[in-house]
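Single-structure report; data block below.
Protein chains: 2
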Amino acid sequence: MLTIGQLASYAGVTVRAVRFYHQKGLLPEPGRDASGYRRYDAVAVVELIRIRTLAEAGVPLSRVRELLAADPDEFAAAVEEIDHRLQAEIRERQRHRKRIAQLAAGDSLALPPEAVAYLERMRQLGFPERMVDAERDAWILVAARLPASMPMYMTSKRAQLEDPTLLELYRDIGTAAFEWERDDPRLPALADRLVASIEALYEEELEAYGADPMTDELVELLDATFLQATPIAARLLELLEERGWRGWTKLERTGPR
Amino acid sequence: MLTIGQLASYAGVTVRAVRFYHQKGLLPEPGRDASGYRRYDAVAVVELIRIRTLAEAGVPLSRVRELLAADPDEFAAAVEEIDHRLQAEIRERQRHRKRIAQLAAGDSLALPPEAVAYLERMRQLGFPERMVDAERDAWILVAARLPASMPMYMTSKRAQLEDPTLLELYRDIGTAAFEWERDDPRLPALADRLVASIEALYEEELEAYGADPMTDELVELLDATFLQATPIAARLLELLEERGWRGWTKLERTGPR
DNA sequence: CTTGACCTTGACGCTGCGTCAGGGTCGTAG
DNA sequence: CTACGACCCTGACGCAGCGTCAAGGTCAAG
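Chains as they are written, first to last, in the UniProt record's numbering: chain A, 1 to 257; chain B, 1 to 257.
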């Protein structure tokens with residue numbers, strides 16, 4: 001007759017695990033000896049090994065209980081289902097591996113590769129790090145909501161970076177955002193240049209991309225980020241409204257053409 | 001400003017998860033509005049998405065906390081370690097899949113394929129199901145302790161099954177085990193045949209396999225299983241001792257040659 | 001004013017055990 | 001005979017990552 005420790009070492013499990021299986025009704029409680037110790041026979045070893053075999057195959061203990069008492073057909077069906085689950089878990093982990101492989105570089109945290117490339121291009125072009133960070137945060141928000149549209153946005157944005165006039169404008173906005181005060185006298189001139197660019201872009205963009213999938217919710221959030229990021233944001237929006245345009249992330253014409 | 005529900009839906013997580021991250025210190029508690037509601041800004045969305053990105057990559061939350069504050073070198077090291085873990089988990093599940101694939105047939109629960117083949121051969125040879133079951137349980141015990149020795153044992157046992165004299169003897173022991181009483185008068189004659197076979201095998205086996213890796217502990221357990229399985233077991237052991245042999249699983253000569 | 005959809009804190013539940021705490025028991029050695 | 005280490009017992013809490021009540025308070029719309 002075996003003690004619980006001997007039984008456990010036989011099946012390669014811990015004593016605690018054996019008691020746990022008793023508690024869960026997977027393994028019947030054996031008789032006790034005079035001093036209250038559990039005493040097991042060889043049948044218990046076989047039962048315990050069966051439990052471990054299923055458990056080690058990744059079967060949850062609740063299923064193990066059913067399976068030990070199942071007929072061959074039920075057993076086969078259960079095995080198939082468990083195999084599907086294991087396959088799914090493997091695929092999940094393979095996705096995770098890809099994901100963390102992309103995380104090796106800092107920006108890619110939560111961003112698709114084309115966005116990382118776009119931010120890298122900004123750095124190459126000499127944009128200040130703070131502005132790149134702000135851009136990154138904004139695109140993280142977009143990527144979370146509209147992952148499918150990221151390639152489209154990034155294609156559009158990269159094209160804008162290659163236009164010398166726009167590049168100059170973006171750089172100046174960056175400088176303004178992080179170095180100017182809210183009432184800087186140079187802001188109206190900046191707003192003029194901005195409006196000129198908007199009006200030049202407006203027609204093109206509409207033709208090229210059709211309806212923008214961006215939701216009002218997201219637009220609002222991105223605008224809020226901008227307003228928080230720099231004190232000039234609020235003033236710039238005012239100046240734009242005076243010139244017939246409302247918004248920031250998504251511009252709408254309010255005045256005459 | 002966002003409520004907790006809006007924040008959560010933005011990052012694709014549940015409200016409960018957000019509160020949990022607050023509790024764990026992953027996400028800072030934001031300010032409250034007049035009625036005590038948490039109010040979030042866009043920065044919180046970005047932080048939350050970062051947390052989820054890491055968590056979805058299979059990083060435990062305790063590591064997420066460290067990683068959010070880690071420098072690029074630490075981050076890269078951590079990513080590598082996590083990737084190793086994921087790979088290990090994938091390999092583990094692939095083993096599990098193999099294991100449960102083997103479980104499709106009933107006997108293979110906790111038995112290697114060669115043992116399953118041996119039991120199948122017993123069935124082909126017409127051994128009664130009860131005897132096959134008893135054999136199976138015994139070999140489950142052996143396989144748990146000495147998996148590496150199973151091919152050797154099975155080769156030896158299969159050879160014995162192909163010997164007509166031994167086959168006849170085993171079949172008769174099977175019949176005796178499940179149909180005779182402890183004091184059946186035919187037992188002494190069975191013991192004589194058994195001893196004759198043992199003495200014929202004894203020399204051969206010693207030469208062929210050298211030292212048996214089986215431990216005393218395992219021998220004792222297997223003997224106990226035999227004694228529990230059938231009332232004739234105890235009597236048979238007595239008869240063997242009278243004839244100069246002790247034991248069952250592992251026989252030792254006690255008398256003269 | 002009511003309804004339904006939100007928000008708050010607090011507490012328990014799930015899996016598969018690990019790990020104390022606070023005892024009793026067994027076998028062997030001195 | 002006693003002491004010691006290695007066992008055994010029950011009971012309870014802890015872990016990760018939330019899900020899910022419970023028992024309220026708040027808000028916007030009809």
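Just so you know, even glycine gets a beta-carbon here, dropped at the ideal spot from N, CA and C. This structure is a prediction, so every number in the text was calculated from the model and none was measured.
Are B:R38 and B:I4 touching if we call contact CB-CB under 7 Å? Result yes, Cβ atoms of B:R38 and B:I4 sit closer than 7 Å.
Can you give me the Cβ contacts of A:A78 inside the same chain, cut-off strictly under 6 Å, excluding the 5 residues immediately before and after it? The answer, listed in chain order, is L67.
Other residues of its chain near A:L54: CB distance less than 7 Å, five sequence neighbours each side excluded: Excluding positions up to five away in sequence, the list reads V64 and L67.
For a cutoff of 7 Å on Cβ pairs, would you count A:V142 as touching chain B? Not flagged as an interface residue toward chain B: A:V142, since no C-beta distance is shorter than 7 Å.
If we count Cβ pairs, one from each stretch, closer than 8 Å, do we get three or more for the region 133-140 of chain B versus the region 220-232 of chain B? Segments in contact, yes.
Counting only Cβ pairs nearer than 8 Å, list the residues of chain B close to A:H96. Within 8 Å Cβ-Cβ: E56, A57, G58 and L86.
So, using beta-carbon positions, are B:L161 and B:L167 closer together than 7 Å? For B:L161 and B:L167, yes; Cβs fall inside 7 Å.
Counting contacts by CB-CB distance shorter than 7 Å, is A:D223 in contact with chain B? Closer than 7 Å: no.
Please determine if the region 125-132 of chain A and the region 172-192 of chain A are in contact, where contact requires at least 3 C-beta pairs separated by less than 8 Å. Yes, the region 125-132 of chain A touches the region 172-192 of chain A.
From the DSSP output, read off the bridge partner residues of B:R32. For B:R32, DSSP records a beta bridge to B:R38.
Given a cut-off of 7 Å, decide if A:T249 and A:L222 are closer than it, judged by their beta-carbon atoms. Judged by beta-carbon spacing, A:T249 lies within the 7 Å limit of A:L222, meaning their Cβ atoms are closer than that value.
If you drop the 5 nearest sequence neighbours on each side, which residues of the same chain put their C-beta closer than 7 Å to that of A:D33? Only residues of its own chain outside the window of five on either side were considered, and among them R39 have a CB closer than 7 Å to the CB of A:D33, listed in chain order.
Start and end residues, alpha helix (DSSP H) containing B:V15: Start and end: V15 to Q23.
So the alpha helix (DSSP H) A:G255 belongs to, where does it begin and stop? First-last for A:G255: undefined, no H or E at that position.
Would you kindly report the start and end of the unbroken alpha helix (DSSP H) that includes B:W139? Unbroken alpha helix (DSSP H) run through B:W139: E129 to R145.
Just the Cα atoms here: how many angstroms apart are B:A224 and B:L236? Taking the straight line joining both Cα atoms gives about 14 Å.
Taking the Cβ atom as the reference point for each residue, do A:E252 and A:R246 lie within a distance shorter than 7 Å? Judged by beta-carbon spacing, A:R246 lies within the 7 Å limit of A:E252, meaning their Cβ atoms are closer than that value.
Rounded straight-line distance, which links the Cα of B:R171 to that of B:E199: C-alpha separation (whole angstroms): 19 Å.
Span separating the alpha-carbon of B:A144 from that of A:M152: If I take the Cα positions, the gap works out to 59 Å.
Cross-chain neighbours of A:T53 in chain B, by beta carbon under 8 Å: R99, L103, L109 and A110, listed in chain order.
Counted within 10 angstroms of its Cβ, other Cβ atoms place B:A44 as buried (16 or more) or exposed: Only buried fits B:A44, as 16 or more other CB atoms lie within 10 angstroms of its CB.
Mind checking whether A:E92 and B:R93 have CB atoms under 7 Å apart? Result no, Cβ atoms of A:E92 and B:R93 do not sit closer than 7 Å.
Does B:E89 get closer than 7 Å to chain A when you measure Cβ to Cβ? Chain A contact via Cβ: present.
Can you name, in chain order, every residue of its own chain whose Cβ lies under 8 Å from the Cβ of A:G126, other than the five neighbours on each side? Listed in chain order, the non-local C-beta contacts of A:G126 below 8 Å within the same chain comprise R171, local neighbours out to five positions each way being set aside.
For A:G12, go through chain B and note every residue whose CB falls closer than 8 Å to its CB, in chain order. Going along chain B in sequence order, the residues near A:G12 (Cβ under 8 Å) are A144.
Let me confirm a value: A:G12 is counted as buried when at least 16 other C-beta atoms fall within 10 Å, else exposed. Which label applies? Answer is exposed; the Cβ neighbour count stays below 16.
Contacting positions in the region 223-257 of chain B - beta carbon closer than 7 Å to chain A: Of all residues in the region 223-257 of chain B, A224, T225 and Q228 have a Cβ within less than 7 Å of some Cβ in chain A.
By DSSP, does B:R182 sit in helix, in strand, or in coil? Of the three classes helix, strand and coil, the one that applies to B:R182 here is coil, per DSSP.
Assign B:Q102 to buried or exposed, taking buried as 16 or more other Cβ atoms, counted over all protein chains shown, within 10 Å of its Cβ. Answer is buried; the Cβ neighbour count reaches 16.
What are the residues that DSSP puts in a beta bridge with A:W245? Paired residue(s): A:R253.
Does the beta carbon of A:I49 sit closer than 7 Å to a beta carbon anywhere in chain B? It does; some Cβ of chain B falls within 7 Å.
By Cβ distance below 7 Å, which residues in the same chain neighbour A:A191 in space, the five residues on each side in sequence not counted? Its chain contains L236, L239, L240 and R243 as the residues whose beta carbon lies nearer than 7 Å to that of A:A191, once the 5 sequence neighbours on both sides are disregarded; these appear in chain order.
Taking the alpha helix (DSSP H) that B:L26 belongs to, which residues open and close that run? Looking at the DSSP string, B:L26 is not in any alpha helix (DSSP H), and its letter there is neither H nor E.
Secondary structure of A:L2, DSSP reduced to three states: When secondary structure is reduced to three states using DSSP, A:L2 falls in the strand class.
If you check the beta carbons only, do B:L146 and A:R97 fall under 7 Å apart? Contact annotation: B:L146 and A:R97 have beta-carbon atoms that are not nearer than 7 Å.
Residues within the region 66-85 of chain B neighbouring chain A, beta-carbon criterion of under 7 Å: Contacts with chain A (Cβ-Cβ distance below 7 Å) from the region 66-85 of chain B involve P72, A76, V79, I82 and D83, listed in chain order.
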